[in-house]
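Protein chains in written order, with our numbering: chain A, 2 to 170; chain B, 2 to 170; chain C, 2 to 170; chain D, 2 to 170; chain E, 2 to 170; chain F, 2 to 170.
Every residue, glycine too, gets a C-beta built ideally from N, C-alpha and C.
There are 6 protein chains.
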Amino acid sequence: MRRGFYIGRFQPYHNGHQSVLEEIARWADEIVIGVGSAQLSHTPDNPFTAGERVLMITRALADLACPIYVIPIEDIRRNAIWVAHVRSMTPPFDVVYSGNPLVMQLFAEAGMEVQSPDMYERATHSGREIRRRMLCGEAWENLVPPAVIDVIREIRGDERLRQIAGTDE
Amino acid sequence: MRRGFYIGRFQPYHNGHQSVLEEIARWADEIVIGVGSAQLSHTPDNPFTAGERVLMITRALADLACPIYVIPIEDIRRNAIWVAHVRSMTPPFDVVYSGNPLVMQLFAEAGMEVQSPDMYERATHSGREIRRRMLCGEAWENLVPPAVIDVIREIRGDERLRQIAGTDE
Amino acid sequence: MRRGFYIGRFQPYHNGHQSVLEEIARWADEIVIGVGSAQLSHTPDNPFTAGERVLMITRALADLACPIYVIPIEDIRRNAIWVAHVRSMTPPFDVVYSGNPLVMQLFAEAGMEVQSPDMYERATHSGREIRRRMLCGEAWENLVPPAVIDVIREIRGDERLRQIAGTDE
Amino acid sequence: MRRGFYIGRFQPYHNGHQSVLEEIARWADEIVIGVGSAQLSHTPDNPFTAGERVLMITRALADLACPIYVIPIEDIRRNAIWVAHVRSMTPPFDVVYSGNPLVMQLFAEAGMEVQSPDMYERATHSGREIRRRMLCGEAWENLVPPAVIDVIREIRGDERLRQIAGTDE
Amino acid sequence: MRRGFYIGRFQPYHNGHQSVLEEIARWADEIVIGVGSAQLSHTPDNPFTAGERVLMITRALADLACPIYVIPIEDIRRNAIWVAHVRSMTPPFDVVYSGNPLVMQLFAEAGMEVQSPDMYERATHSGREIRRRMLCGEAWENLVPPAVIDVIREIRGDERLRQIAGTDE
Amino acid sequence: MRRGFYIGRFQPYHNGHQSVLEEIARWADEIVIGVGSAQLSHTPDNPFTAGERVLMITRALADLACPIYVIPIEDIRRNAIWVAHVRSMTPPFDVVYSGNPLVMQLFAEAGMEVQSPDMYERATHSGREIRRRMLCGEAWENLVPPAVIDVIREIRGDERLRQIAGTDE
Chain A
2 MRRGFYIGRF QPYHNGHQSV LEEIARWADE IVIGVGSAQL SHTPDNPFTA
52 GERVLMITRA LADLACPIYV IPIEDIRRNA IWVAHVRSMT PPFDVVYSGN
102 PLVMQLFAEA GMEVQSPDMY ERATHSGREI RRRMLCGEAW ENLVPPAVID
152 VIREIRGDER LRQIAGTDE
Chain B
2 MRRGFYIGRF QPYHNGHQSV LEEIARWADE IVIGVGSAQL SHTPDNPFTA
52 GERVLMITRA LADLACPIYV IPIEDIRRNA IWVAHVRSMT PPFDVVYSGN
102 PLVMQLFAEA GMEVQSPDMY ERATHSGREI RRRMLCGEAW ENLVPPAVID
152 VIREIRGDER LRQIAGTDE
Chain C
2 MRRGFYIGRF QPYHNGHQSV LEEIARWADE IVIGVGSAQL SHTPDNPFTA
52 GERVLMITRA LADLACPIYV IPIEDIRRNA IWVAHVRSMT PPFDVVYSGN
102 PLVMQLFAEA GMEVQSPDMY ERATHSGREI RRRMLCGEAW ENLVPPAVID
152 VIREIRGDER LRQIAGTDE
Chain D
2 MRRGFYIGRF QPYHNGHQSV LEEIARWADE IVIGVGSAQL SHTPDNPFTA
52 GERVLMITRA LADLACPIYV IPIEDIRRNA IWVAHVRSMT PPFDVVYSGN
102 PLVMQLFAEA GMEVQSPDMY ERATHSGREI RRRMLCGEAW ENLVPPAVID
152 VIREIRGDER LRQIAGTDE
Chain E
2 MRRGFYIGRF QPYHNGHQSV LEEIARWADE IVIGVGSAQL SHTPDNPFTA
52 GERVLMITRA LADLACPIYV IPIEDIRRNA IWVAHVRSMT PPFDVVYSGN
102 PLVMQLFAEA GMEVQSPDMY ERATHSGREI RRRMLCGEAW ENLVPPAVID
152 VIREIRGDER LRQIAGTDE
Chain F
2 MRRGFYIGRF QPYHNGHQSV LEEIARWADE IVIGVGSAQL SHTPDNPFTA
52 GERVLMITRA LADLACPIYV IPIEDIRRNA IWVAHVRSMT PPFDVVYSGN
102 PLVMQLFAEA GMEVQSPDMY ERATHSGREI RRRMLCGEAW ENLVPPAVID
152 VIREIRGDER LRQIAGTDE
């Protein structure tokens, strides 16, 4: 049994994440998905709560053949103990899938296997673009799975983002 | 759609929890399961990590008809904001199932619907009894679902408990 | 101008506190009242929120000739920095009125003047007795100022205490 | 009885805040004033301690007809639980007066009544201008109530600001 | 080069610790000494600050042939990440010397070599006995190295202990 | 006996720090060296753990005539209590040697003697330059004591820095 780990902030979960996870699902028997910066919400860069992000991910991956565990991970602001923090909150995993240099370094120093194919790059920056479109009232729906559109509409997520964007904190 | 919330420490997850959740599954369309005191592990009263408990619960409920979300909830040591903390980490829910007086009071003060049938009492204290049996080398396996036995054996959970039980912290 | 400092948990504020503060008011021009363990509420020993306690104190002392500042003080769990913490949250004061040995020692080590007449002993343990009476349904109203009775009734404080008393945390 | 809530950092408290509070005093029977980022002091943007700010506000509003409660509020860095945190530290209030988009959104999501007349905009940025003047040795005294001048002089607040402004933290 | 790690609370540092460290010095080239619960002081069980304990240890071991590093370690209240926390604060070490079951288990789970000869038992409980004697005004000086007597006298440590012992927190 | 205090982040410890400490050693009988922001590591501005920095400093100062205490100091993010925090973690000291305006102000407000000769300016910004050179693959070795080169090579510190520099946190 091979269990893989993938982490992101998912603000919001989008098609880039979806394609990465579909790729990981080919190699792993189970996937643990960490929802990073879980304690943040209601900021321009982190508009959604951890619970809302858990809902987006679980709904969007409902048809994935591979079993998933979606786990909120609060920031601990201490890189040297972050890996231990992540591992304490998640089922044991064998391999980390990440293109983030810090994540790769921290797990590598901890002696974990890290996989970082080029494709993982795709997920980068799209969250920022989606939030920008929401703010400007442009179409963002085509960048996320249909289930995510439903969740954001249900919680009026784009309204929330526009409302809080006037603040600097 | 009716989503219910149930919280426990699950040290370990046992047959009492299982029967309560099977009962809740009759009434709710989806269940959010909070794994409380998520930051605690390796103590006589809290031997298992949040991740290990997530694994136990997910495996034991693999055949439940009702979709579940299993979410670690770290203690926040401030009762007045605990409900907000829980809600930020979980998908939105409509009703809380609990027999714990503090949990009931806090959600009630927050204006949430709380259900507390007598059966929820059953889950109480069994965790303590199972940990006692592990410590004394008595048979505990009949008090937990088969999937939980597998997880505890895989992580050598009962050995860990016996080892740490000599300490007072 | 002589500003005095007095701290307590005020769970709840009672006649013992009231008489101590009336005594202090004879000596000080202004009084800073610290509401200790401000982050705690909804426990058998700390049933009321800091805000509720601020309200009790302010109402009960409405007719005191001496101006007061009522300031919630969160626990910082580090005795060596507690005095600095208190001083950062309060207007500058000249003398500390306390009968608590730890409070006296910490302010004395910080070079502050500490006054501890015998009368300050009176306030001890009454909070515990009042909470016990609330739990048992006995009369507690004669132990607190009338304004405190109003606040506790408004927030249904005694009901809350009885409800949460079944829990151990 | 209608109790209103107003929050700011008050670095320092100035004439803009004063006029807003005088306006609120027409509508509310009592006002709860939250002193935000209470744990911050001795930085270029947050030179004054919470206690010093409490003193400024209380002194400046000594003649206000309306009773006030001045409460330090420490940052909790988790927007989703910030409203619960504020409410636990303050007497119960009915309406929030704010022009800050994040504050407005968070209280609105919590189901609270929020009032935001145009005039609340006036208070913005003046704190920054006053701190800039203190740094440059320009006259700032006409931007704050007389009582605030006294407090800042007593604690040598402008000297402190100039001293720490050379640091980057 | 073989660097060893030894941890204790050292409330206060005593002859039991001294003999254990002299024993470790035979096997290790350098010793890292962790001063546990560094954030605690001024309580009956933890009367001395971390800095005071660093001073006791360094003075008492001034003549040890083996180089030592004395490092305060704050509690992190999360056993699953405690080892990573310790390792981030200390120079890299190869072997842990401990007789504490929890410490042994946590380092063993992290894959570290743990040595636990019977002699390490000796250090247990003596701290408690020394504090008891200080409280009762009995002779305690023969249980600690001479350098520790000097430090405790300089800070009036036994007076402090007697003063705070009347409190329950 | 005159004990001096000097604090820095030491990312990494370099020749500027070395010459300042050699200067302080002329005036003080013992030196307490605080390793600031101890909890940070694995970021572009703070690549090294506290333990690694303790090792660099102790090794580089092995031949200093003056006894030293090297103490990790975690950030407490509250300037008003920072001095008390530092003092709780360190042996008592008589004079602070610093050229940092905030450090100077905080210790001065606490009534401590602060020395700030011009030479302390030299230490500034060199850490940044060394990290820049490591990132660019330029020679940095001549800016640090030989013992520091050994430590950084042993932990592959420059590789770590280059690896994590691609991230934004």
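Using the Cβ count rule (16 or more neighbours within 10 Å means buried), how would you classify residue i?
i         : result
Arg79(A)  : buried
Pro73(F)  : buried
Ile153(B) : buried
Arg132(C) : buried
Asp159(E) : buried
Gly112(D) : exposed
Ala61(E)  : buried
Ala140(A) : exposed
Glu142(C) : exposed
Ala148(A) : buried
Against chain A, does residue i count as a neighbour if the rule is that its beta carbon must be under 8 Å from one of theirs?
i         : result
Phe22(B)  : One detail in the question is off: residue 22(B) reads as Leu in this sequence, not Phe. It does not; no Cβ of chain A falls within 8 Å.
Asn16(F)  : no
Ile8(F)   : no
Ser89(E)  : yes
His86(E)  : yes
Glu170(F) : Because Glu170(F) carries a pLDDT of 36, less than 50, the predicted location of this residue cannot be relied on, and the following value inherits that uncertainty. Chain A, which has a Cβ nearer than 8 Å to the Cβ of Glu170(F), makes this yes.
My assumption, with CB atoms under 8 Å, is that residue i sits in contact with residue j. Please give the rounded CB distance.
i         : j        : result
Ser38(E)  : Arg10(E) : 5 Å
Val104(F) : Ile8(F)  : 6 Å
Gly167(F) : Pro93(A) : At roughly 28 Å, the Cβ-Cβ gap does not stay under 8 Å, so Gly167(F) and Pro93(A) are not in contact.
Out of the options, which has the shortest C-alpha to C-alpha gap to residue i?
i         : options                                   : result
Ser20(C)  : Arg163(C), Arg154(C), Pro146(C), Ser42(C) : Pro146(C)
Phe6(E)   : Arg60(E), Leu162(E), Trp28(E)             : Trp28(E)
Met135(D) : Ala61(D), Met105(D), Gln106(D), Leu162(D) : Leu162(D)
Thr50(E)  : Val96(C), Ala81(C), Phe94(C)              : Ala81(C)
Leu65(D)  : Gly52(D), Ala26(D), Asp95(D)              : Ala26(D)
Glu53(F)  : Glu53(E), Gly52(E), Ile77(E), Val87(E)    : Val87(E)
Is the Cβ-Cβ distance between residue i and residue j less than 8 Å?
i         : j         : result
Asn16(E)  : Leu144(E) : yes
Ile165(F) : Thr44(F)  : yes
Cys67(B)  : Glu24(B)  : no
Ser42(C)  : Ser42(D)  : no
Tyr14(B)  : Ile58(B)  : yes
Gly100(C) : Ser117(C) : yes
Val71(D)  : Val55(D)  : yes
Gly35(B)  : Thr91(B)  : yes
Gln106(A) : Glu75(A)  : no
Ala85(F)  : Ala109(C) : no
Using a Cβ cut-off of 8 Å (strictly closer), state whether residue i contacts chain D.
i         : result
Ala39(F)  : no
Glu103(F) : Here residue 103(F) turns out to be Leu, not Glu, going by the sequence shown. Yes, Leu103(F) counts as interfacial toward chain D.
Ile32(C)  : no
With a cut-off of 8 Å, does the C-beta of residue i fall near any C-beta of chain F?
i         : result
Thr59(D)  : no
Ala1(A)   : Residue 1(A) is absent from the structure shown; chain A starts at 2 and stops at 170.
Ser127(D) : no
Gly1(D)   : Given a span of 2 to 170 for chain D in the structure shown, any question on residue 1(D) remains unanswerable.
Gln12(D)  : no
Closer than 8 Å, CB to CB, is residue i near chain E or not?
i         : result
Gln106(C) : yes
Compare the C-beta of residue i with all C-beta atoms of chain B and state if any pair is closer than 8 Å.
i         : result
Gly100(C) : no
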